[in-house]
Amino acid sequence: MDYSDIAFADCTLGDEGEMLRFALDRVHRQFAWKSGGLDAEQLRRQHAPSELYDLWYSTIGRYREEWGHLVAGSGLGTVLHSDPGYVATRRRRLVDILEENLQHTGQISVIREAVDGLVGNDPP
31 MDYSDIAFAD
41 CTLGDEGEML
51 RFALDRVHRQ
61 FAWKSGGLDA
71 EQLRRQHAPS
81 ELYDLWYSTI
91 GRYREEWGHL
101 VAGSGLGTVL
111 HSDPGYVATR
121 RRRLVDILEE
131 NLQHTGQISV
141 IREAVDGLVG
151 NDPP
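Positions 31 to 154 (my numbering) are the ones given, in order, by the sequence shown.
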């Protein structure tokens with residue numbers, strides 16, 4: 031797999047759930063592009079690159095599934111009570127997911143530029 035295998039549809043006129051999902055999908059594509067093609071030495075890991083990439087792609091699949099559950103049904107204003115220490119709306123949970131992914135994408139962007147000079151925000 032590579033970044034082009036990630037489901038992605040440009041969203042210019044969607045509702046807030048579709049727009050937030052577009053933003054997360056875009057961040058996932060950026061991360062996949064920035065981290066793609068690195069070998070074991072560049073990744074400095076004990077696992078084969080293919081194992082790490084497979085793990086990451088399966089994780090974004092779970093994100094998309096969770097996202098679908100959060101935007102379905104009664105709306106993004108619905109309060110989630112699944113964790114007593116973190117009561118928030120679905121909208122806030124989606125923003126938290128997006129923020130976490132943005133942080134990782136920024137980190138891999140800095141690393142990738144140092145490894146081989148790859149720069150830019152979106153895959154070609």
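Glycine included, every Cβ here is placed at the ideal spot set by N, Cα and C.
- Here the C-alpha atom of residue 76 lies approximately 10 Å from the C-alpha atom of residue 82.
- Pairing residue 57 with residue 132 gives a Cβ-Cβ distance under 9 Å.
- For residue 117, the enclosing beta strand (DSSP E) starts and ends at 116–119.
- In the structure shown, residue 104 falls within a coil segment according to DSSP collapsed to helix, strand and coil.
- Secondary structure of residue 109 (DSSP, three-state): strand.
- Only buried fits residue 60, as 16 or more other CB atoms lie within 10 angstroms of its CB.
- Residue burial annotation: residue 62 is buried, with at least 16 other C-beta atoms found within 10 angstroms of its C-beta.
- Distance from the Cα of residue 84 is smallest, within the candidate group 31, 124 and 94, for 31.
- In the three-state reduction of the DSSP assignment, residue 31 falls in the coil class.
- Across the set 34, 111, 46 and 152, the C-alpha of 46 shows the shortest separation from the C-alpha of residue 97.
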